[in-house]
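J.:
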Amino acid sequence: MIRYARTTAPVVALLACSSAFAAQDKLDVQLSVANPVVQGDVSVAVDVTVTNTTGHAVKVLKSQLPSQHLQGPLFRIIKEDGTPASYVGPLVKRAAPRAEDYVRIEAGATRTYHVDLTSHYELGNGRYTVEYLAPNRHGNEAEVASTAPLQLWTSGRSAAVETDAVEQPEANISYTGGCTTTEKNKLVKAVNAATNYATESNSYLAGTPSGTQRYVKWFGAFTSSRWNTAHTHFTNEESAFKTKPLTLDCSCNDSGVYAYVYANQPYKIYLCGAFWSAPMTGTDSKGGTLVHEMSHFTVVAGTGDYAYGQSAAANLARTNPDKAVANADNHEYFAENNPHLP
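The working numbering puts the first residue of the sequence shown at 30, with every later residue one more than the last.
(1) Count the other CB atoms, across all protein chains shown, that sit within 10 Å of the CB of N64; report buried if there are 16 or more and exposed otherwise.
(2) If you measure between the beta carbons of V66 and W182, is that distance less than 8 Å?
(3) Can you tell me where the alpha helix (DSSP H) with P350 in it begins and where it stops?
(4) Identify whether F251 lies in helix, strand or coil by the three-state DSSP scheme.
(5) Near T264, which residues of its chain fall below 6 Å by C-beta distance, leaving aside the five closest residues on each side in sequence?
(6) Helix, strand or coil, according to DSSP, for H143 in the structure here?
(7) Taking all protein chains shown into account, decide if A52 is buried (16 or more other Cβ within 10 angstroms of its Cβ) or exposed.
(8) If I'm right that S175 touches Y161 with Cβ under 8 Å, what's the distance once you round it to whole angstroms?
(9) If you drop the 5 nearest sequence neighbours on each side, which residues of the same chain put their C-beta closer than 6 Å to that of P368?
(10) Can you find the residues in the same chain that come closer than 6 Å, C-beta to C-beta, to F247, ignoring five residues on each side of it along the sequence?
(11) How many angstroms separate the CA atom of G155 from the CA atom of S96?
(12) Answer yes if the stretch 291-311 comes into contact with the stretch 134-147, meaning at least three C-beta pairs across the two stretches below 8 Å, and no otherwise.
(13) Please look up how many angstroms separate the CB atoms of G207 and S280, rounded, as I've assumed it's under 8 Å.
(14) Is the stretch 215-230 touching the stretch 285-295 in the sense that three or more CB pairs, one from each, lie closer than 8 Å?
(15) Rounding to the nearest angstrom, what Cα-Cα distance links T192 and L216 in this structure?
(16) Please work out which residues of its chain come closer than 8 Å, Cβ to Cβ, to P371, disregarding the five sequence neighbours upstream and downstream, and give them in chain order.
(17) Identify whether A63 lies in helix, strand or coil by the three-state DSSP scheme.
(18) Just verifying my parser: in three-state terms, what is the DSSP assignment at D76?
(19) Would DSSP call D130 helix, strand or coil?
(20) What is the residue span of the alpha helix (DSSP H) that A357 lies within?
(21) Decide yes or no for the touch test of the stretch 128-135 against the stretch 330-347: beta carbon pairs closer than 8 Å, at least 3 of them.
(22) Thinking C-beta only, is A227 closer than 8 Å to H260?
(23) Measure from the alpha carbon of L319 to the alpha carbon of each residue in N356, F251, A288 and G302, then state which is nearest.
(24) Report the start-end ranges of each alpha helix (DSSP H) in the stretch 253-332 that is 4 residues or longer and not cut off at the edges.
(25) List the residues that DSSP assigns as beta-bridge partners of N201.
(26) Quick one: give me the first and last residue of the alpha helix (DSSP H) that T210 is part of.
(27) Tell whether a beta-carbon distance below 8 Å holds between G338 and A355.
(28) V71 by DSSP, collapsed to three states: which one?
(29) According to DSSP, simplified to helix, strand and coil, what is Q180?
(30) To the nearest angstrom, report how far apart P274 and P178 are at their CA atoms.
(31) Could you give the distance in angstroms between the alpha-carbon of T379 and the alpha-carbon of V58?
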């Protein structure tokens, strides 16, 4: 998922009219499809209609709204046997939103989006329930969620091609997206920093499992199961940084984004504008960003983005440790360990 940059301005300062951004505001979202029965290896597209029925203008994060290219798993797609459709779109590391990251929707206004689900989700054959449920609101902006699920039936589709089982004999770094010499030099240092973070974290978690301050801060109440999960994740991260072919892409220029990856396309990481202004180590650092993104790959840890930023990540650890052990930012902040905790 994409890792967005942070600003120091409080979110509330971006929301000019408090009455327009009440927590109970909820936009009406309707899902529709030209034909609910889809046969063969064709695109499965849905129309998403978002209407502001609140009676006043609201502001919504652009990342909460659908687009041709999703920037996160905004749909919940469940097969009839209860298994979710795998999301294969970009996984984004977000930061505190800037004013330009919001869109204003006037009272009574409607926006319609056409989304190709097969560009972002792996759909097989069977009956699916599709819901729109944009996660990770940053403040009191309006909620964007569908009011009723959509039913889809698919048949005659080919089996998905496995993309995450490729093994390479030697580790190296390659570059795409026009990385400059200066950027390549910084990336070598960033990979070294990330490797050190992953190695130290793995070594720490290889010790005697217990509810240490550092563990509890970022992964919540101690259980041996969750400790072992975190240990496995960092074992995989250390191995990936040291032995896998890492591709770093410099084509993204968005100053509000640190980096992003496609979870089923290891080990390619796309670096964006905010990455270059981040410190090499420390909170929200270049090295930490690479740890965050590496954790997203399904062959490494398969993390999601359930909370962004130190405060939200620490709160997630307190309130939902299982989600914290599956959250990319919690892995980054555990690895950065800033301020230091024993």
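Using N, Cα and C, we set each Cβ at its ideal position, and we do this for glycine too.
T.: Put simply:
(1) Residue environment analysis places N64 among the exposed positions, since fewer than 16 neighbouring C-beta atoms fall within 10 angstroms of its C-beta.
(2) Yes, the pair counts as a contact, with Cβ atoms nearer than the cut-off.
(3) P350 to A353 is the span of the alpha helix (DSSP H), which, as asked, contains P350.
(4) Coil.
(5) Cβ within range, chain order: N231.
(6) Residue state for H143 is assigned as strand, using DSSP reduced to three classes.
(7) The predicted model places A52 with a pLDDT of 47, which falls under 50 and marks its position as unreliable; any figure quoted below should be read in that light. For A52, the number of other beta carbons within 10 angstroms of its own is below 16, and it is reported as exposed.
(8) With a Cβ gap of about 4 Å, S175 and Y161 count as contacting.
(9) Cβ within range, chain order: n/a, list empty.
(10) Note on residue identity: the sequence assigns Trp, not Phe, to residue 247. Contacts found: A346, N359, Y362 and F363.
(11) In a straight line, the C-alpha of G155 is about 26 Å away from that of S96.
(12) Pairwise C-beta distances place the stretch 134-147 out of contact with the stretch 291-311, as fewer than three of them are shorter than 8 Å.
(13) Taking the Cβ atoms as the reference, G207 lies roughly 6 Å from S280, within the contact range of under 8 Å.
(14) Too few Cβ pairs lie closer than 8 Å, so no.
(15) Below a pLDDT of 50, predicted positions are generally treated as unreliable, and T192, at 36, falls in that range; the measurement from the model is reported next regardless. Per the coordinates, the alpha-carbon of T192 lies some 25 Å from the alpha-carbon of L216.
(16) Close CB contacts of P371 within its chain, under the 8 Å cut and outside five residues either way in sequence, are with T241, Q242 and R243 (chain order).
(17) Looking at A63 - three-state DSSP - the assignment turns out to be coil, as it is neither helix nor strand.
(18) Correct three-state label for D76: strand.
(19) Note: D130 maps to helix in three-state DSSP.
(20) Boundaries of the alpha helix (DSSP H) harbouring A357: A357 to E365, taken from the DSSP string.
(21) No, the stretch 128-135 does not touch the stretch 330-347.
(22) No, they are not a contact pair.
(23) Nearest to L319 by alpha-carbon distance, out of N356, F251, A288 and G302, is A288.
(24) Here the runs fully enclosed are 253-272, 302-306 and 315-325.
(25) Paired residue(s): P274.
(26) Run containing T210: T210 to L234, per the alpha helix (DSSP H) assignment.
(27) In this structure, A355 does not lie closer than 8 Å to G338 by Cβ.
(28) Of the three classes helix, strand and coil, the one that applies to V71 here is coil, per DSSP.
(29) Under the three-state reduction of DSSP output, Q180 falls in the strand class.
(30) Whole-angstrom Cα-Cα distance: 41 Å.
(31) Residue 379 lies beyond the range of the chain shown here (30 to 371); nothing can be said about it.
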